[in-house]
Amino acid sequence: MELIVWDGEARFGLPSMDLKSLQMMAYIKFSGAPVTIIKSSNPFRSPTGRLPVFKCADGAFSDFNQVATFLRKQNFSCDYELSPKQCSEVVAYEQLLLEKWVEPKSYYDVIHKWYFSSMPFPHKLWYPRKYHQGYCDLINSMFDDPDDNQLVETELHKQAQECLTMLSNRLGDREYFFGRSPSTLDAVIFSYLALLLKVDLKVPVLQNHIKACPNLSRYVSKTIQRFFPSEAHRSTDSRDSPPKDDVPNKGRNLLLSGLVAFSAMFGYAIAAGLVQVDMGEPPTDDYDYEYDDYNDGESGGS
1153 MELIVWDGEA RFGLPSMDLK SLQMMAYIKF SGAPVTIIKS SNPFRSPTGR LPVFKCADGA
1213 FSDFNQVATF LRKQNFSCDY ELSPKQCSEV VAYEQLLLEK WVEPKSYYDV IHKWYFSSMP
1273 FPHKLWYPRK YHQGYCDLIN SMFDDPDDNQ LVETELHKQA QECLTMLSNR LGDREYFFGR
1333 SPSTLDAVIF SYLALLLKVD LKVPVLQNHI KACPNLSRYV SKTIQRFFPS EAHRSTDSRD
1393 SPPKDDVPNK GRNLLLSGLV AFSAMFGYAI AAGLVQVDMG EPPTDDYDYE YDDYNDGESG
1453 GS
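So this is what it looks like as structure tokens:
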């Protein structure tokens, strides 16, 4: 069994910068399933064309619930001790978190930039937009006037802060949300909290609110140290080491990439009829034979 996920960021101390990847990684760690985790920044190498993807004998899954169901059939689960009521709470909390934590500015200033800088060319030109469209659709379904950015942002922050306070009260002094062992609910909640707490957000309203709830901050830190110790070590090394440019010929590569991108876009514009090229007047009489030969050659090659 293999799980291919989006890569993390050493300076943030996170095993992945992607919410769904974090959820699947956490669930696998919590359940103790013998799954090989592979980090990538190219979803087009995945059998489903997206990340994360879980590869097993039954096929390839990119849905969290499908992965959890398959592992449960293989006797790997972190919910064996939960009552039916607690299992229903997992579903309710998951939907609640999805609706409360959509942060428009953080997408543009942080998430979009990270995906764009991490992905190979030319996939970076359109793939981040697919993620963006999904969140736009969610916002459109939640608000009567989704184009009022200030209203949307204010309301989302208000709802998310209320949700964080509720989670803090629900956790209390417990190590995990249902006791001393992590469950599916912990995999879901940990992923949201870790990204909000660890990533440098342009609008740190929710980050500051988590820091004001000491039990939530400890919850994230202890979970990372226990289940992802190598990431905590990478974070320390990244802070201690001065930044350096270890990419040879970086300036040349950027220039070549820019030229290739421009050529591709210009070629597309010509093919689509968006740009017309004026070839000028036909050659003079002195060169009529060359012009005729050129036309004959073009016709023969058509």
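In the working numbering, the protein residues as written are 1153 to 1454. The C-beta atom is built at its ideal place from N, Cα and C for all residues, glycine as well.
When Ser1369, Lys1363 and Thr1336 are compared against isoleucine 1180, the one with the closest alpha-carbon: Closest in alpha carbon position to isoleucine 1180, among Ser1369, Lys1363 and Thr1336, is Thr1336.
Where the beta strand (DSSP E) containing leucine 1155 begins and where it ends: 1154 to 1158 is the extent of the beta strand (DSSP E) around leucine 1155.
7 Å CB neighbourhood of glutamate 1233 in its chain, flanking five on each side removed: Take glutamate 1233, set aside five residues on each side of it, and the residues of its chain with a beta-carbon closer than 7 Å to its own are Ser1333, in chain order.
For glutamate 1161, the three-state DSSP class (helix, strand or coil): In the structure shown, glutamate 1161 sits in a strand (DSSP, three-state: E or B).
Own chain residues within Cβ distance below 6 Å of arginine 1202, not counting five before or after: When the five nearest sequence neighbours on each side are left out, the beta carbons in the same chain lying within less than 6 Å of the beta carbon of arginine 1202 are those of Pro1195 and Ser1214, in order along the chain.
DSSP three-state assignment for cysteine 1315, whether helix, strand or coil: In the structure shown, cysteine 1315 sits in a helix (DSSP, three-state: H, G or I).
Euclidean distance between Cα positions of proline 1356 and alanine 1209: Answer to the nearest angstrom: the Cα atoms are 43 Å apart.
Length of the line joining the Cα atoms of leucine 1316 and alanine 1346: Per the coordinates, the alpha-carbon of leucine 1316 lies some 13 Å from the alpha-carbon of alanine 1346.
Test item: CB-CB of leucine 1353 and isoleucine 1362 under 8 Å: In this structure, isoleucine 1362 does not lie closer than 8 Å to leucine 1353 by Cβ.
Residues bridged to leucine 1166 [DSSP beta-bridge criterion]: Leucine 1166 is bridged by DSSP to Glu1161.
Straight-line Cα distance separating glutamine 1359 from histidine 1309: The alpha-carbon separation between histidine 1309 and glutamine 1359 amounts to approximately 11 Å.
Rounded straight-line distance, which links the Cα of tyrosine 1371 to that of isoleucine 1190: Straight-line spacing of the CA atoms in isoleucine 1190 and tyrosine 1371 works out to 25 Å.
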